[in-house]
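K.L.:
Structure below; questions to follow.
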Amino acid sequence: MQQTEKILVLDFGGQYDQLIARRVREQKVYAEIRAYDRITPDEIEKEGYRGIIFTGGPNSVYDPKSPHYDPRVLSLGIPILGICYGHQLIAYLAGGTIKPAAGGSEYGKTRITVEPCAIFDGIPGTSVSWMSHTDYVAGLPAGFRVLARTDNCPCAAMADEGRKIYGVQFHPEVTHTEYGTKMLRNFLFGVCGCRGEWVMDDFIERAVETYRRELDGKTVLCALSGGVDSSVAAALIHRAVGDRLTCVFVDHGLLRKNEGDGVENVFRRGFGMRFLRVNAEDRFLTKLAGVKEPEKKRKIIGEEFIRVFEDVRDEIGDPDVLVQGTIYPDVVESGKGDAATIKSHHNVGGLPSVMKFKGIVEPLRDLFKDEVREVGMKLGLPEALVRRQPFPGPGLAVRIIGEITKERADVLRDADAIFREELERAGVRPSQYFAVLTDTASVGVMGDARTYGHVVALRAVTTDDFMTADWTRIPYDVLEVASRRITNEVRGVNRVVYDITSKPPATVEWE
Ligand code: XMP
Numbered sequence: 001m002q003q004t005e006k007i008l009v010l011d012f013g014g015q016y017d018q019l020i021a022r023r024v025r026e027q028k029v030y031a032e033i034r035a036y037d038r039i040t041p042d043e044i045e046k047e048g049y050r051g052i053i054f055t056g057g058p059n060s061v062y063d064p065k066s067p068h069y070d071p072r073v074l075s076l077g078i079p080i081l082g083i084c085y086g087h088q089l090i091a092y093l094a095g096g097t098i099k100p101a102a103g104g105s106e107y108g109k110t111r112i113t114v115e116p117c118a119i120f121d122g123i124p125g126t127s128v129s130w131m132s133h134t135d136y137v138a139g140l141p142a143g144f145r146v147l148a149r150t151d152n153c154p155c156a157a158m159a160d161e162g163r164k165i166y167g168v169q170f171h172p173e174v175t176h177t178e179y180g181t182k183m184l185r186n187f188l189f190g191v192c193g194c195r196g197e198w199v200m201d202d203f204i205e206r207a208v209e210t211y212r213r214e215l216d217g218k219t220v221l222c223a224l225s226g227g228v229d230s231s232v233a234a235a236l237i238h239r240a241v242g243d244r245l246t247c248v249f250v251d252h253g254l255l256r257k258n259e260g261d262g263v264e265n266v267f268r269r270g271f272g273m274r275f276l277r278v279n280a281e282d283r284f285l286t287k288l289a290g291v292k293e294p295e296k297k298r299k300i301i302g303e304e305f306i307r308v309f310e311d312v313r314d315e316i317g318d319p320d321v322l323v324q325g326t327i328y329p330d331v332v333e334s335g336k337g338d339a340a341t342i343k344s345h346h347n348v349g350g351l352p353s354v355m356k357f358k359g360i361v362e363p364l365r366d367l368f369k370d371e372v373r374e375v376g377m378k379l380g381l382p383e384a385l386v387r388r389q390p391f392p393g394p395g396l397a398v399r400i401i402g403e404i405t406k407e408r409a410d411v412l413r414d415a416d417a418i419f420r421e422e423l424e425r426a427g428v429r430p431s432q433y434f435a436v437l438t439d440t441a442s443v444g445v446m447g448d449a450r451t452y453g454h455v456v457a458l459r460a461v462t463t464d465d466f467m468t469a470d471w472t473r474i475p476y477d478v479l480e481v482a483s484r485r486i487t488n489e490v491r492g493v494n495r496v497v498y499d500i501t502s503k504p505p506a507t508v509e510w511e
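Residues 1 to 511 (the working numbering) make up the sequence shown, in order.
Listed below in structure tokens is the structure:
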């Protein structure tokens, strides 16, 4: 979709590319990330960006493998802000010199002194900024002046104010930089002349208008998992095409307690959508009988999803278009090449090969997760659904260690529901929290009798991106209540343990 006012985040391999784009969007200015080797200065000009931010990156500009860019970018007349490596790259492209710092790397919170100028407008003469660099700008390019210094870095910021080109050695996008947000605002509004008009109401209005036109007369299908992304995508497209959208929700019998009914209530009753719930518990459990190996479980579930959709096709025919809940981080990540496969994450990516779609729409592909949530709330989805923690596609299958049976799934569902209820009651909101049914039995005592029952593990993690995660320090009292209730209320469980492993070395899920 065409945005009226947008900023380009030109990615040179920094770890903060998405953070920079999010920070810009928090200021209600649309930002998009492009890898430096995927866009030329001509394309930048054609796209009509209001400003460009060069990200950081791990390299040194003199390293032959380091990412460089066509120096014509400096003459487009578009304001530029270079951050860290981006700052050094600007100096290099403009004819300056870069050197390794004599005293080694400068890392962490550092006091900077700034000169009055557009990007430091309203910022005190000295403040704290976050540094992480080895090289520094030793020789200024012609036309630039120094705008900030630290004890070890004589050029912590510079600018060619005539061309509106700025560079900062520190990271304004991280919260450790005291006036980082103010600096970004100064760049966006003061230097680039942005107005800050990127609001979700407009996004919804424009998306509805676009899809009403694009999908005119077409039948549309959405494979709804009940997760945040597919739910918001469905609600948005429903607003555009109404009854020409059918949502198919496959209940594989490995959902959490009351989850299937909850999803059905929201979409069929609340939104009045054409909603097909396929109750396929028996099919899935039959296929999974006796299977213990995690990757095999995932594969079976993925394949069975496709079989279910083949049957759905017999029922509803081949819709023209498939709706997918792809979001911006998926788009950015998939452009970066594959990391090693630790777990084959199942999704509904197999669908298009089964059903013949003429097209796919991904209405959320420009949005970050928090923006997707905001759209969901504005579309009237219940908060509990919009703020939902992530839930894996294969569902409880990867939380039942060993063999999956209906009885074992029911034990886990009950224990999990209690744990979640107690955390929510206590107001503790980890990034993800759930119970796991282990394949260990343990001895216990109840009344005067010996028991031999299930061991349930509780898992809660705190994380921003799920690539790494810390185990959550849940108050002992809350763990105590959860443990007592699970052993009292869930038949067959006589022991509860809490998982205190971070990721790495563990993963979030047990399988
Ligand atoms: P791990 O266990 O890999 O989990 O640390 C990271 C995040 O991914 C979710 N996860 C999955 N999601 N299909 C999914 O759709 C899967 O097979 C799967 N396995 C893990 C997990 O819940 C966590 O949010």
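By construction, the Cβ of each residue, glycine as well, lies at the ideal position given by its N, Cα and C atoms. These numbers come from a predicted model, not from an experiment.
Could you tell me if the beta carbon of proline 394 falls within a distance shorter than 6 Å of some heavy atom in the ligand XMP?
P.N.:
yes
K.L.:
CB-CB under 8 Å to tyrosine 211, same chain, minus the five flanking residues each way: which ones, in chain order?
P.N.:
Leu236, Ile237, Ala240, Val241, Val361 and Pro363
K.L.:
How far does the alpha helix (DSSP H) with asparagine 488 in it reach, from first residue to last?
P.N.:
476–489
K.L.:
The ligand XMP and glutamate 295: does the residue's C-beta get closer than 6 Å to at least one heavy atom of that ligand?
P.N.:
no
K.L.:
I need the boundaries of the alpha helix (DSSP H) containing phenylalanine 54, first residue and last residue.
P.N.:
Looking at the DSSP string, phenylalanine 54 is not in any alpha helix (DSSP H); the run it does join, the beta strand (DSSP E), is 51–54.
K.L.:
Counting pairs of Cβ atoms below 8 Å between the region 497–508 and the region 284–296, do you hit three or more?
P.N.:
Too few Cβ pairs lie closer than 8 Å, so no.
K.L.:
For the ligand XMP, any of its heavy atoms closer than 6 Å to the Cβ of glutamate 304?
P.N.:
no
K.L.:
Considering only residues of the same chain and omitting the five flanking positions on each side of lysine 356, which have a CB-CB separation below 7 Å?
P.N.:
Close CB contacts of lysine 356 within its chain, under the 7 Å cut and outside five residues either way in sequence, are with Asp318 (chain order).
K.L.:
Which runs of the beta strand (DSSP E) spanning at least 3 residues fall entirely within the region 383–462, listed in chain order?
P.N.:
432–446 and 449–462
K.L.:
Under 6 Å: does the beta carbon of proline 390 sit that close to some heavy atom of the ligand XMP?
P.N.:
Yes, Cβ of proline 390 sits closer than 6 Å to a heavy atom of the ligand XMP.
K.L.:
Mind listing, in chain order, the continuous beta strand (DSSP E) runs of no fewer than 3 residues lying wholly within the region 210–258?
P.N.:
220–224 and 245–251
K.L.:
With H, G and I counted as helix, E and B as strand and the rest as coil, what does DSSP make of aspartate 160?
P.N.:
strand
K.L.:
Distance check for glutamine 15 and lysine 522, CA to CA, integer angstroms please.
P.N.:
For the chain, the structure presents residues 1 to 511; residue 522 sits outside this window and is missing.
K.L.:
When the distance is taken between beta carbons, is valine 220 closer than 7 Å to leucine 245?
P.N.:
A contact, by the Cβ cut-off of 7 Å.
K.L.:
Nearest-angstrom Cα distance between histidine 403 and glutamate 259?
P.N.:
The sequence shown places glutamate at residue 403, not histidine. So the alpha carbons of these two residues sit roughly 22 Å apart.
K.L.:
Would glutamate 310 be called buried (16 or more neighbouring beta carbons within 10 Å of its own) or exposed?
P.N.:
exposed
K.L.:
Three or more beta-carbon pairs under 8 Å between the region 130–142 and the region 155–163, yes or no?
P.N.:
Yes: at least three Cβ pairs fall under 8 Å.
K.L.:
Give me whichever residues DSSP pairs with glycine 139 in a beta bridge.
P.N.:
Thr97
K.L.:
Helix, strand or coil for phenylalanine 271? Go by DSSP, reduced to three states.
P.N.:
coil
K.L.:
Closest Cβ-Cβ distance between leucine 140 and chain B: below 7 Å?
P.N.:
Protein chains in the displayed structure number just one, and chain B is not present.
K.L.:
Output the distance between the C-alpha atoms of valine 24 and alanine 31, rounded to the nearest integer angstrom.
P.N.:
Taking C-alpha positions only, valine 24 is separated from alanine 31 by approximately 6 Å.
K.L.:
Per DSSP, what are the beta-bridge partners of isoleucine 301 in this structure?
P.N.:
Beta-bridge pairing links isoleucine 301 to no other residue.
K.L.:
On the three-state DSSP scale, how would you describe valine 323?
P.N.:
strand
K.L.:
Measure the alpha-carbon distance for threonine 55 versus aspartate 151 and round it to whole angstroms.
P.N.:
24 Å
K.L.:
May I have the straight-line CA-CA distance separating isoleucine 119 from glutamate 178, to the nearest angstrom?
P.N.:
14 Å
K.L.:
So, is methionine 131 buried or exposed, given that buried needs 16 or more other C-beta atoms within 10 angstroms?
P.N.:
buried
K.L.:
Pair every Cβ in the region 227–236 with every Cβ in the region 321–329, then say whether three or more of these pairs are closer than 8 Å.
P.N.:
yes
K.L.:
Quick check on alanine 102: does DSSP put it in helix, strand or coil?
P.N.:
coil
K.L.:
With 16 as the cutoff for other CB atoms within 10 Å, does phenylalanine 512 come out buried or exposed?
P.N.:
This structure does not reach residue 512, given that the chain is present from 1 up to 511, and the question cannot be answered.
K.L.:
Check whether the region 87–94 touches the region 108–126, counting contact only when three or more Cβ pairs, one atom from each stretch, lie closer than 8 Å.
P.N.:
no
K.L.:
Which residue's Cα is closest to the Cα of isoleucine 474: Ile80, Phe368, Lys164 and Thr462?
P.N.:
Thr462
K.L.:
Where does histidine 87 fall in DSSP's three states?
P.N.:
Histidine 87: helix per DSSP, three-state reduction.
K.L.:
Less than 6 Å between the CB of phenylalanine 466 and some heavy atom of the ligand XMP, yes or no?
P.N.:
For the ligand XMP, at least one heavy atom lies less than 6 Å from the Cβ of phenylalanine 466.
K.L.:
Taking the C-alpha atoms as reference points, what is the distance between isoleucine 176 and valine 411?
P.N.:
In the sequence on display, residue 176 carries histidine and not isoleucine. One C-alpha to the other measures close to 45 Å.
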